[in-house]
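For reference, the structure is listed below as structure tokens.
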Amino acid sequence: MKDAIRDILAKHGRLPVAADTLADDADLHAAGLTSFGSVEVMMALEEEFGIEFPDRMLNRRNFASISAIAAAVQMVQTEAAA
-5 MKDAIRDILA
5 KHGRLPVAAD
15 TLADDADLHA
25 AGLTSFGSVE
35 VMMALEEEFG
45 IEFPDRMLNR
55 RNFASISAIA
65 AAVQMVQTEA
75 AA
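For the sequence shown, the numbering used here gives the first residue as -5, with consecutive numbering after it.
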């Protein structure tokens, strides 16, 4: 999943650094992820994983790192399966 997230960040995140060089816990906002980039990443994640992020999960914390994004995606998938 984290490789897919890195691919999405590379294509949609508009980061000034290569997404594949970032550690799982690297601060994406410090690496250059903007609010606009976050929205584009979120939309691509929804399409890639067939999910929809609920409004309560649309915050900076859930998109702060690759690990945080992976955890958020897993949470949405788990809730959808319940």
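Positions of the beta carbon are idealized from the N, C-alpha and C atoms, including for glycine. Predicted model, so just to flag it, every value in this text is computed and none were measured.
DSSP, reduced to helix, strand and coil, places D21 outside both helices and strands of the structure shown, so it counts as coil.
Rounded to whole angstroms, the Cβ separation of A25 and V11 is 5 Å, and the two are in contact under 8 Å.
The beta carbon of A74 sits closer than 8 Å to the beta carbons of I45 from its chain, once the five residues preceding and following it are set aside; these are given in chain order. Residue range -4 to 6 is occupied by the alpha helix (DSSP H) that includes R0. In the assembly as shown, R0 is a buried residue. Its beta-carbon has 16 or more other beta-carbons within 10 Å.
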